[in-house]
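S.K.:
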Amino acid sequence: MMKRTGLILALTFMAACSPQATEPTAAPESVSAPDPVVQFDPDRLKVIADVFATEHGMMNLCGDDVPVRLTLFMAELGASTTPSELVSSLMAANDAKIEELRVTEKEYVCTPEMYESREANSMAAQDEWNVMRGAE
0 MMKRTGLILA
10 LTFMAACSPQ
20 ATEPTAAPES
30 VSAPDPVVQF
40 DPDRLKVIAD
50 VFATEHGMMN
60 LCGDDVPVRL
70 TLFMAELGAS
80 TTPSELVSSL
90 MAANDAKIEE
100 LRVTEKEYVC
110 TPEMYESREA
120 NSMAAQDEWN
130 VMRGAE
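Numbering-wise, numbering that gives the first Met the number 0 puts 65 at position 66 of the sequence shown, and it's gapless, one number per residue.
1) Count the other CB atoms within 10 Å of the CB of LYS105; is the residue buried (16 or more) or exposed (fewer)?
2) Mind checking whether PRO66 and GLU54 have CB atoms under 8 Å apart?
3) Where does VAL86 sit, in a helix, a strand or coil, going by DSSP?
4) Beta carbon of MET122, beta carbon of MET57: below 8 Å?
5) Are the Cβ atoms of ALA140 and ALA95 separated by less than 8 Å?
6) Could you give the DSSP three-state label for SER116: helix, strand or coil?
7) Evaluate LEU71 with the Cβ neighbour count: other Cβ atoms within 10 Å of its Cβ, from every protein chain shown; 16 or more gives buried, anything less gives exposed.
8) Which runs of the beta strand (DSSP E) fall wholly inside the segment 49-86 and span at least 3 residues, in chain order?
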């Protein structure tokens, strides 16, 4: 009886440890799921674009390295399912904001307080954009 129990345990152990055969799953050939259509809130997009354009214009005016947040945002937005009319209107608003800052007196824009608020606003806008597009 003891040998039989030992044999059953050994066979059970071997069966549990042996590689299991799995049926291959056939991957569909050249069938891909369509990209989901994501609808972004245009008002929220305008606020984010304005913050990034303000940052871009301010850094340009103050002679600092211009961050790429605006460029990346607009590229990601253009590659999304966002209507091209909305993307075009945001680009026009960005250009207007950058031009507005270009002709502003530096003494009003290039201040420590403006740098602090610009950084805080840009980080908050980036966080919101990340949430909107599902990156966080």
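Beta carbons are placed, not taken as given, at the ideal position from N, Cα and C, and that holds for glycine.
M.R.: Taking the coordinates as given:
1) On the sequence shown, position 106 is the one that residue 105 refers to. Flag for LYS105 reads exposed.
2) Walking along the sequence shown from the start, residue 66 turns up at place 67. Walking along the sequence shown from the start, residue 54 turns up at place 55. Going by C-beta atoms, PRO66 is nearer than 8 Å to GLU54.
3) The residue labelled residue 86 in the question sits at position 87 within the sequence shown. Here VAL86 sits in helix by DSSP.
4) Counted from its first residue, the sequence shown places residue 122 at position 123. Counted from its first residue, the sequence shown places residue 57 at position 58. In this structure, MET122 sits away from MET57, with a CB-CB distance that is not shorter than 8 Å.
5) Given a span of 0 to 135 for the chain in the structure shown, any question on residue 140 remains unanswerable.
6) The residue given as residue 116 occupies position 117 in the sequence shown. Taken through DSSP and simplified to helix, strand or coil, SER116 comes out as helix.
7) For the purposes of this step, residue 71 is taken as the residue at position 72 of the sequence shown. Note on LEU71: under 16 other CB atoms within 10 angstroms of its CB, so exposed under the neighbour-count rule.
8) Here no run is fully enclosed.
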